[in-house]
Amino acid sequence: MNADSSPLLEISGLTKSYSGVTVLDGVSFEVGRGEILGLIGENGAGKSTLIKCINGVTAPDRGTLRFDGRPYAPSIRNALKKGLVTIPQEFNLADTLTVRENIFLGRELKRHGFLDSAAMREETRRLLEELRCDLTPDQKVSELSIARKQLVEIARALSRDCRLLIMDEPTTVLNPPEVRNLFRIMRAMRDRGISLIYVSHKLEEVREICDAVVILRDGKFIERTPASEISVREMAERMVGRELKGIFPPKNPLGPNAPEVLKVEGLSQAQTLHDISFTLRRGEILGLAGLGGSGRTELAETLYGIRRKTAGSIRIAGEEVNPDSPGKAVRAGIAYLSEDRQKAGTIQSFGLAENISLISLRKYCSRGFIRTAAETEAAERYRERFRIKANSLRAPVRELSGGNQQKGALAKSLDGAPRIFIFDEPTRGIDINSRGEIYHFIHQLAADGMACLVISSDLEEILGLCSRTAVMREGTIAGFLEGDRLTEKEIMYLATGVKGAEK
Amino acid sequence: MNEPKLTPPQTGIWKKYLNDARPFLALALLLAVCMLSNESFRSVQNLLNITRQVACTGIAALGMTLVIIAGGIDLSVGSLLALSGVSALMVMGRIADPRLAVAAAMLVSLGAGIAGGVLNGLLVTAGKVPPFIATLGTLSIFRSLALYLANAGTLSSSNEFFRETGSCTPLGIPLATICFLVLAAGFAVLLNRTAFGRHVCAVGANPRAARYAAIGVGKVQFMTYVLAGLSAGIAAFLFSSRLNAISSTDAGLSYELDAIAGAVIGGTAMNGGRGSIAGTVAGVFILGIISNALDMWGTSANLQGLVKGLIIIVAVLIQRQNND
Numbered sequence: 000m001n002a003d004s005s006p007l008l009e010i011s012g013l014t015k016s017y018s019g020v021t022v023l024d025g026v027s028f029e030v031g032r033g034e035i036l037g038l039i040g041e042n043g044a045g046k047s048t049l050i051k052c053i054n055g056v057t058a059p060d061r062g063t064l065r066f067d068g069r070p071y072a073p074s075i076r077n078a079l080k081k082g083l084v085t086i087p088q089e090f091n092l093a094d095t096l097t098v099r100e101n102i103f104l105g106r107e108l109k110r111h112g113f114l115d116s117a118a119m120r121e122e123t124r125r126l127l128e129e130l131r132c133d134l135t136p137d138q139k140v141s142e143l144s145i146a147r148k149q150l151v152e153i154a155r156a157l158s159r160d161c162r163l164l165i166m167d168e169p170t171t172v173l174n175p176p177e178v179r180n181l182f183r184i185m186r187a188m189r190d191r192g193i194s195l196i197y198v199s200h201k202l203e204e205v206r207e208i209c210d211a212v213v214i215l216r217d218g219k220f221i222e223r224t225p226a227s228e229i230s231v232r233e234m235a236e237r238m239v240g241r242e243l244k245g246i247f248p249p250k251n252p253l254g255p256n257a258p259e260v261l262k263v264e265g266l267s268q269a270q271t272l273h274d275i276s277f278t279l280r281r282g283e284i285l286g287l288a289g290l291g292g293s294g295r296t297e298l299a300e301t302l303y304g305i306r307r308k309t310a311g312s313i314r315i316a317g318e319e320v321n322p323d324s325p326g327k328a329v330r331a332g333i334a335y336l337s338e339d340r341q342k343a344g345t346i347q348s349f350g351l352a353e354n355i356s357l358i359s360l361r362k363y364c365s366r367g368f369i370r371t372a373a374e375t376e377a378a379e380r381y382r383e384r385f386r387i388k389a390n391s392l393r394a395p396v397r398e399l400s401g402g403n404q405q406k407g408a409l410a411k412s413l414d415g416a417p418r419i420f421i422f423d424e425p426t427r428g429i430d431i432n433s434r435g436e437i438y439h440f441i442h443q444l445a446a447d448g449m450a451c452l453v454i455s456s457d458l459e460e461i462l463g464l465c466s467r468t469a470v471m472r473e474g475t476i477a478g479f480l481e482g483d484r485l486t487e488k489e490i491m492y493l494a495t496g497v498k499g500a501e502k
Numbered sequence: 000m001n002e003p004k005l006t007p008p009q010t011g012i013w014k015k016y017l018n019d020a021r022p023f024l025a026l027a028l029l030l031a032v033c034m035l036s037n038e039s040f041r042s043v044q045n046l047l048n049i050t051r052q053v054a055c056t057g058i059a060a061l062g063m064t065l066v067i068i069a070g071g072i073d074l075s076v077g078s079l080l081a082l083s084g085v086s087a088l089m090v091m092g093r094i095a096d097p098r099l100a101v102a103a104a105m106l107v108s109l110g111a112g113i114a115g116g117v118l119n120g121l122l123v124t125a126g127k128v129p130p131f132i133a134t135l136g137t138l139s140i141f142r143s144l145a146l147y148l149a150n151a152g153t154l155s156s157s158n159e160f161f162r163e164t165g166s167c168t169p170l171g172i173p174l175a176t177i178c179f180l181v182l183a184a185g186f187a188v189l190l191n192r193t194a195f196g197r198h199v200c201a202v203g204a205n206p207r208a209a210r211y212a213a214i215g216v217g218k219v220q221f222m223t224y225v226l227a228g229l230s231a232g233i234a235a236f237l238f239s240s241r242l243n244a245i246s247s248t249d250a251g252l253s254y255e256l257d258a259i260a261g262a263v264i265g266g267t268a269m270n271g272g273r274g275s276i277a278g279t280v281a282g283v284f285i286l287g288i289i290s291n292a293l294d295m296w297g298t299s300a301n302l303q304g305l306v307k308g309l310i311i312i313v314a315v316l317i318q319r320q321n322n323d
């Protein structure tokens, strides 16, 4: 810790709401100088909004910030001027430019009015050496791995005389050696007096790297505590609070005679999937865990016909199918709820009714014409069944909350009358009430005989919903877990490759 | 985390009605002003003339509306009109029986239009050429073929039955006007009441979500280009039959601009996903009335383009403001 004990950033009474939903509720805490501060909380706890309020992307409704002892009015410009840099989950790099061009983007060094490439190259090389990585200034960013892109982001932050670096889920996309390298760099930055806010779901890592931890829950500040004085278990408990315990309905035991609905054997897809085999039974909820980039979404997309398999077989109820388009997959009885609700799950400018009938529109047509009354009636049924809060069935769904949009997307997929339902991150970024409801619906569907595959990065969700889980790593299934062995720890072991494949 | 948008619910549906009504309010206002201020404007003959004058660009604008809603653009409609007309007159010249010749001309006209649309559609969907570039290319190709076939001149027909067909006025209404309105009704039903129309909107609004919803995105886009080509073919038949001739240099020149302008003024979103046929009809009439009124007021023909251009820009500015 730095000798100066006054805090670098003081946050007091930060409040922010969207459409009447309070996302941040009077949050106050401090970030010390030369401190790595972990910021943890469930999805929807308000972490992202808090960060956006600090770096000026969004304006808080109430509350004040002080930076370096002086009042600080956050704006994107002001934040960068003061050395407050954020590395978002999705990097802000221009892919077609080189490492050097990216680092100096928007503040290029000039000499006599022209770009001074030599000086920028030299400075870039110095920064990269400091990070001890083998990048060169003139490499194209598009050719770099995700871990290296992250290093470019860090180099850019350093070149801006960064005093507070905010990193949002930096390790989700990294493998263990890359994580170790990142931590080394983070510690070196701290030792130079830079403060870091580290947002992560990986509690073990938070405990390892952070000096202190701030816990948010439902938009409220819960506590700030030295990392050495709190266990991973305690962190999880305080993040989740007591009320979440009841969010998962009790698991339905699967009958021993439940027939196999989906049988995948030796499935490969170009570079993304290798030799995947698993079965899914009627009424089963099978989890699919793994790190980002491990191939979970690619597997779902291959089953749904978005990607074409290059080897292996897919059988549905014993019959071999070859879904090479979503249309074929739907006819074969597969539904896919995309992880990207806004870009792939719904058409934002369409009303709820038009979204719900999108897959099954033929059902509502007679002699080629859409029967609007039948369409409205079906939408109305789904609105009641899924308790979708929407004033109008025809107003654009972009005006609905994330949870209600997701329920609409769910209704849409369900209206295609599937036998197999693939949920990809079904509750990402969704408020806690809608989450509980969606879990409940998944259970109900399974109880009615739907074969469900749930892809999730939220281990709590996997453990709460599924009685059996496949864990993916690098495009293969690293192992299956069930019963006593289905724990957060075992999943992470398999996902990170600490433990080898056991089937 | 995906935060819900700031817009409170319930405003949406009213805002939508207001947006949809805007081109019609503008048309009504324009019509009222012109009728009150100019006696010769409000004569029945002049009003019918306006409908005839806008009919050909209007028909092209119908196909254009579908293409734009599906997220594309078709710059080639004017050239395709010329090529279809030239092809039709060439075939007609070889057939002695006048009625048979007109029937053949109609088939060739529509056929050439469809063929041009198929080419555009294949370039955009199978060839993955950006629509602007693909149809800029075919704009040049179709015009060049028309010039070559007609030796850069005007093809005239001596078939009086052809002229009679083109200038007939059932119930006192020009044939072109009737065709335009009937086609407009057909396109409106297609867009609003059929699965294809819904898919056109879905593909334009969000091609990825449409694909995930098992919609054949390429097929839908392809069909919009075919329909745009067909529109150009129909317009070519009406255009050449009324004049009993077609000029390979002038026919359909800058029709694509008027068609796009009509669609945009009518509220069709240039980046796709939203639009209406009724709006396009209103947009086409707004353009037609303005150029007619400017004539009546004795405004220099050279300045008409300026007024038209301003109106298009204002229409887009209003649209943009609404979307933000």
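Line by line, the protein sequences give chains S and P. Residue numbers for the first sequence follow numbering that gives the first Met the number 0, so the first one is 0 and each next one is one higher. Residue numbers for the second sequence follow numbering that gives the first Met the number 0, so the first one is 0 and each next one is one higher. Note that beta-carbon positions come from the ideal geometry of N, C-alpha and C, so glycine has one too. These figures come from a predicted structure and were not determined experimentally.
In this structure, Thr345 (chain S) and Gly407 (chain S) form a Cβ contact; the two beta carbons are roughly 6 Å apart against a cut-off of 8 Å. Burial is judged here by how many other beta carbons sit within 10 angstroms of a residue's own beta carbon; Pro130 (chain P) has at least 16 and is buried.
Here the C-alpha atom of Asp24 (chain S) lies approximately 7 Å from the C-alpha atom of Lys15 (chain S). Contiguous alpha helix (DSSP H) elements confined to the segment 152-189 of chain S do not occur, taking only those with 4 or more residues. At least one C-beta of chain P is nearer than 9 Å to the C-beta of Leu357 (chain S).
Chain P has a Cβ within less than 9 Å of the Cβ of Thr345 (chain S). Chain order gives the chain P residues near Cys364 (chain S) as Thr193 and Ala194, where near means a beta carbon separation below 8 Å. Contacts between Phe220 (chain S) and chain P, judged by CB atoms closer than 8 Å, are missing: the closest CB pair is about 17 Å apart.
Lys51 (chain S) has its alpha-carbon roughly 20 Å from the corresponding atom of Ile193 (chain S). Taking 9 Å as the threshold, the shortest C-beta distance from Ile68 (chain P) to chain S does not fall below it. For chain S, the residues of the segment 199-219 of chain P that bring a beta carbon within less than 8 Å of one of its beta carbons are Cys200, Ala201, Ala204, Asn205, Arg207, Ala208, Ala209, Arg210, Tyr211, Ala212, Ala213, Ile214 and Gly215, in chain order. Our two residues, Ser253 (chain P) and Ala60 (chain P), have alpha carbons roughly 12 Å apart in a direct line.
Where Val107 (chain P) is concerned, the enclosing alpha helix (DSSP H) starts and stops at Pro97 to Thr124. One thing to note: Val260 (chain S) has its Cβ no nearer than 9 Å to the Cβ of Ile313 (chain S). Contact check between the segment 420-430 of chain S and the segment 445-459 of chain S: three or more CB pairs, one atom from each, fall below 8 Å, which counts as touching.
Under the Cβ criterion of 9 Å, Val315 (chain P) is not counted among the residues facing chain S.
Under the three-state reduction of DSSP, Lys308 (chain S) is assigned to coil, being neither helix nor strand.
Rounded to the nearest whole angstrom, the CA to CA distance from Leu143 (chain S) to Arg99 (chain S) is 13 Å.
Against chain P, the CB of Ile75 (chain S) has no partner CB under 9 Å away; the residue lies outside that interface. For the pair Gly294 (chain S) and Glu473 (chain S), the CB atoms are nearer than the 9 Å cut-off. The C-beta of Ala231 (chain P) has 16 or more other C-beta atoms within 10 Å across all chains shown, which makes the residue buried. A straight line joining the alpha-carbon of Ile153 (chain S) with that of Met234 (chain S) spans about 28 Å. In the three-state reduction of the DSSP assignment, Asp24 (chain S) falls in the strand class, which pools E and B. In chain order, Asn354, Ile355, Leu357 and Ile358 place their CB closer than 7 Å to the CB of Lys411 (chain S), counting only its own chain and leaving out the 5 sequence neighbours on each side.
A residue is called buried when at least 16 other Cβ atoms come within 10 angstroms of its Cβ; Gln44 (chain P) does not meet this threshold and is exposed. Met471 (chain S) has S:Gly289 and S:Ile476 as its beta-bridge partners, per DSSP. Secondary-structure assignment with DSSP links Gln404 (chain S) through no beta bridge to anything. In this structure, the CA atom of Leu287 (chain S) is about 15 Å from the CA atom of Tyr438 (chain S).
Taking C-alpha positions only, Cys33 (chain P) is separated from Phe40 (chain P) by approximately 7 Å. In this structure, Leu79 (chain P) sits near Thr137 (chain P), with a CB-CB distance shorter than 9 Å.
Val188 (chain P) has a beta carbon lying within less than 9 Å of a beta carbon in chain S. Setting aside the 5 residues that flank it on each side, Val283 (chain P) is surrounded in the same chain by Val53, Thr56, Gly57, Ala60 and Gly261, each with a C-beta closer than 7 Å to its C-beta; the list follows chain order.
Residue-level contact check: Arg21 (chain P) does not touch chain S, since none of the beta carbons of chain S fall below 9 Å from its beta carbon. As the crow flies, the alpha-carbon of Arg467 (chain S) is around 7 Å from that of Gly482 (chain S). Identification of chain P residues near Pro325 (chain S) by a Cβ-Cβ cut-off of 7 Å yields Arg210, Tyr211 and Ala213, ordered along the chain. Considered as a whole, the segment 71-105 of chain S harbours 83-86 as its complete beta strand (DSSP E) runs of no fewer than 3 residues, in chain order.
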